[in-house]
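Number of protein chains: 2
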Amino acid sequence: MVHVIPKILDQIKPHQVVVEVGSTKESLLEGLRSHPNRGRFVSSHPMAGTEYSGPEAAIPNLFDQKYTVLCETERSDPDAVELVERMFRSIPMKIARLDPASHDVHTAYISHISHISSFALALTVLSKEKDEGRIFELASSGFSSTVRLAKSSPDMWVPIFRQNRDNVLDVLDEHINQLSRFRSLLIKKDFDTFYQLIQEANSIRKIIS
Amino acid sequence: MVHVIPKILDQIKPHQVVVEVGSTKESLLEGLRSHPNRGRFVSSHPMAGTEYSGPEAAIPNLFDQKYTVLCETERSDPDAVELVERMFRSIPMKIARLDPASHDVHTAYISHISHISSFALALTVLSKEKDEGRIFELASSGFSSTVRLAKSSPDMWVPIFRQNRDNVLDVLDEHINQLSRFRSLLIKKDFDTFYQLIQEANSIRKIIS
Numbered sequence: 009m010v011h012v013i014p015k016i017l018d019q020i021k022p023h024q025v026v027v028e029v030g031s032t033k034e035s036l037l038e039g040l041r042s043h044p045n046r047g048r049f050v051s052s053h054p055m056a057g058t059e060y061s062g063p064e065a066a067i068p069n070l071f072d073q074k075y076t077v078l079c080e081t082e083r084s085d086p087d088a089v090e091l092v093e094r095m096f097r098s099i100p101m102k103i104a105r106l107d108p109a110s111h112d113v114h115t116a117y118i119s120h121i122s123h124i125s126s127f128a129l130a131l132t133v134l135s136k137e138k139d140e141g142r143i144f145e146l147a148s149s150g151f152s153s154t155v156r157l158a159k160s161s162p163d164m165w166v167p168i169f170r171q172n173r174d175n176v177l178d179v180l181d182e183h184i185n186q187l188s189r190f191r192s193l194l195i196k197k198d199f200d201t202f203y204q205l206i207q208e209a210n211s212i213r214k215i216i217s
Numbered sequence: 009m010v011h012v013i014p015k016i017l018d019q020i021k022p023h024q025v026v027v028e029v030g031s032t033k034e035s036l037l038e039g040l041r042s043h044p045n046r047g048r049f050v051s052s053h054p055m056a057g058t059e060y061s062g063p064e065a066a067i068p069n070l071f072d073q074k075y076t077v078l079c080e081t082e083r084s085d086p087d088a089v090e091l092v093e094r095m096f097r098s099i100p101m102k103i104a105r106l107d108p109a110s111h112d113v114h115t116a117y118i119s120h121i122s123h124i125s126s127f128a129l130a131l132t133v134l135s136k137e138k139d140e141g142r143i144f145e146l147a148s149s150g151f152s153s154t155v156r157l158a159k160s161s162p163d164m165w166v167p168i169f170r171q172n173r174d175n176v177l178d179v180l181d182e183h184i185n186q187l188s189r190f191r192s193l194l195i196k197k198d199f200d201t202f203y204q205l206i207q208e209a210n211s212i213r214k215i216i217s
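Sequence lines, in order, name chains A and B. Number 20 in my numbering belongs to position 12 of the first sequence; there are no gaps in the numbering. Number 161 in my numbering belongs to position 153 of the second sequence; there are no gaps in the numbering.
Quick look at the structure:
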């Protein structure tokens, strides 16, 4: 997108609108800031998807009542923003606005780290469990739900990790720290603190339904 | 269970059967090995559940076509095993058999580590994201699926981690290693190897549907 969108914006007519729906914003939008047709461009991120890619992965109601983030709309022409908003609301999605830097930080936390965690968990299990039939038999829905994102395509995700590397590293460090806390509590057999940490983690209930 | 089951077995009549449905087996079954009524006891683990606990968490068809693991059935009387098998098959569940040590290793890999990973991920996000409304708006189904197990009860899980501590530590170390590999590839900007790791992780597709 960083390379292609400027070329597209070079060629559009004044009434046309270009919208992008990618997963990272900061470097893309910084690169476009001085483009003469920046006003005809709208940056968006529909927060919806599955672990599957391509046309055959289409499912009904994927976008229904989910959020689309619009970024840096103050640099887009009002009529272009209005058109794009109307498009998303008709799916029907809800609209949120974030500046590009905040968008990239937040998505690192609520999307990108989940994927790295799933990829790593899949590799963990695959590396130790040779008897795949046994896993298959025993794996319950909890396991499937945690590693489901590990089916996601590298073609989609490597560019995201490349673009959002610094934020992803920051949250990945925090995640490794949290796992290391659990590890050291197990080593010390400090199950009282272990209990408290799980209780703290439980407060995620307030956030996801 | 380690303390209560011997007392129950002390009191049963010869035709009665005691079945347990807990998540770890090795120390429990070792403690019962010399009990005079060991034959009337059947150890099982129905591999099904949700992140919710208690009677109000009941859902229809929870066990339908899932596996129950029976452990150390060679020490149970054949009629007791038959009764328990009939019970599970009528739910209707499928039956697998594992020795207690293998059971505890496999469940560490396909259930216990998923929970620690989810607890840690919830703490990661909660510790960094203060603006909870923002998470809520943006969190897509991928995030929810990865942290869903973080809603699980510490009353249920702390005893599991206590009993299966050594196996859980082993798999937790492996998981932290895998995350650290991703971390060091990000630091080195080695996105080719990153791509390969994701492709390897994708082979989990063969295992979970």
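By construction, the Cβ of each residue, glycine as well, lies at the ideal position given by its N, Cα and C atoms.
Run of the beta strand (DSSP E) containing ALA104 of chain B, from where it starts to where it stops: Reading the second sequence from its first residue, position 96 is the one you call residue 104 of chain B. First-last of the beta strand (DSSP E) with ALA104 of chain B: 102-106.
Can you tell me where the alpha helix (DSSP H) holding PRO63 of chain B begins and where it ends? For the purposes of this step, residue 63 of chain B is taken as the residue at position 55 of the second sequence. In this chain, PRO63 of chain B is not harboured by any alpha helix (DSSP H), its DSSP state being neither H nor E.
Measuring CB atoms only, is the region 155-163 of chain B touching the region 97-113 of chain A, in the sense that at least three cross pairs come out at less than 8 Å? The region 155-163 of chain B is not in contact with the region 97-113 of chain A.
Using 8 Å as the limit for Cβ to Cβ distance, is GLU208 of chain A near chain B? Against the first sequence, residue 208 of chain A aligns to sequence position 200. Closer than 8 Å to some Cβ of chain B, the Cβ of GLU208 of chain A qualifies, so yes.
Which value, in whole angstroms, describes the spacing of the CA atoms of LEU25 of chain B and LEU180 of chain B? Reading the second sequence from its first residue, position 17 is the one you call residue 25 of chain B. Reading the second sequence from its first residue, position 172 is the one you call residue 180 of chain B. Reading the sequence as shown, one finds Val at residue 25 of chain B and not Leu. Rounded to the nearest angstrom, the two C-alpha atoms are 37 Å apart.
Any idea if ASP112 of chain A is buried or exposed, counting beta-carbon neighbours within 10 angstroms, 16 or more meaning buried? Locating residue 112 of chain A in the first sequence gives position 104, counting from the first residue. Buried is the label assigned to ASP112 of chain A, since at least 16 other Cβ atoms lie within 10 Å of its Cβ.
Does the distance from the C-beta atom of THR154 of chain A to that of THR154 of chain B stay below 8 Å? Stepping through the first sequence from its first residue, residue 154 of chain A is reached at position 146. Stepping through the second sequence from its first residue, residue 154 of chain B is reached at position 146. Going by C-beta atoms, THR154 of chain A is nearer than 8 Å to THR154 of chain B.
Cβ of VAL29 of chain A within 8 Å of any chain B Cβ: Here residue 29 of chain A refers to the residue found at position 21 when the first sequence is read from its first residue. VAL29 of chain A does not count as touching chain B.
Taking the beta carbon of GLY62 of chain A as the centre, do at least 16 other beta carbons fall within 10 Å, making it buried, or is it exposed? What you label residue 62 of chain A is simply residue 54 of the first sequence in a count that begins at 1. Exposed is the call here.
Would you call TYR60 of chain A buried or exposed, if buried means 16 or more other Cβ atoms sit within 10 Å of its Cβ? Here residue 60 of chain A refers to the residue found at position 52 of the first sequence. Around the CB of TYR60 of chain A, fewer than 16 other CB atoms lie within 10 Å, so the residue is classed as exposed.
With 8 Å as the threshold, decide whether the Cβ of GLU90 of chain B is near any Cβ in chain A. Position 82 of the second sequence, counting from 1, holds the residue named residue 90 of chain B. No, its Cβ sits nowhere closer than 8 Å to a Cβ of chain A.
Around the Cβ of PRO44 of chain A, are there at least 16 other Cβ atoms within 10 angstroms (buried) or fewer (exposed)? As a working note, residue 44 of chain A is residue 36 in the first sequence. Its Cβ having fewer than 16 others within 10 Å, PRO44 of chain A is exposed.
For the alpha helix (DSSP H) containing PRO222 of chain A, list its first residue and its last residue. Any question about residue 222 of chain A goes unanswered here, given that chain A covers just 9 to 217.
Using a C-beta cutoff of 8 Å, does ILE124 of chain B count as contacting chain A? Here residue 124 of chain B refers to the residue found at position 116 when the second sequence is read from its first residue. ILE124 of chain B counts as touching chain A.
Of the choices A:CYS79, A:ILE103, A:ALA65, whose alpha-carbon is the least far from that of PHE49 of chain A? Counted from its first residue, the first sequence places residue 49 of chain A at position 41. When each option's Cα is compared against that of PHE49 of chain A, the closest is A:CYS79.
Alpha carbon of LEU205 of chain A to alpha carbon of PHE127 of chain B, nearest angstrom: Position 197 of the first sequence, counted from the start, is the residue given in the question as residue 205 of chain A. Position 119 of the second sequence, counted from the start, is the residue given in the question as residue 127 of chain B. Distance between the alpha carbons of LEU205 of chain A and PHE127 of chain B: 8 Å.
Name, in chain order, the residues that DSSP records as bridge partners for PRO54 of chain B. Indexing the second sequence from 1 puts residue 54 of chain B at position 46. BP columns for PRO54 of chain B point to B:THR76.
Determine, using beta carbons only, whether MET9 of chain A comes closer than 8 Å to chain B. Here residue 9 of chain A refers to the residue found at position 1 when the first sequence is read from its first residue. No, because no Cβ of chain B sits closer than 8 Å to the Cβ of MET9 of chain A.
Exposure label - THR257 of chain A; buried when at least 16 CB within 10 Å: Because chain A here runs from 9 to 217, residue 257 of chain A falls outside it and cannot be looked at.
Among B:SER188, B:ALA130, B:ILE215, B:ILE184, which has the Cα closest to the Cα of ASN210 of chain A? If you number the first sequence from 1, residue 210 of chain A lands on position 202. The option with the nearest alpha carbon to ASN210 of chain A is B:ALA130.
Does the structure place the region 79-91 of chain B close enough to the region 167-179 of chain B that three or more beta carbon pairs sit under 8 Å? no
Measuring only between beta-carbons, confirm whether SER52 of chain B sits less than 8 Å from chain A. On the second sequence, residue 52 of chain B is found 44 positions in, with the first residue counted as 1. Cβ-Cβ to chain A under 8 Å: no for SER52 of chain B.
For a contact defined as C-beta to C-beta under 8 Å, what are the partners of GLN73 of chain A on chain B? What you label residue 73 of chain A is simply residue 65 of the first sequence in a count that begins at 1. Result: empty, since nearest Cβ-Cβ is about 11 Å, beyond 8 Å.
Own chain residues within Cβ distance below 8 Å of LEU193 of chain A, not counting five before or after: Start at 1 with the first residue of the first sequence, and residue 193 of chain A comes out as number 185. Contacts found: PHE199, THR201, PHE202, LEU205.
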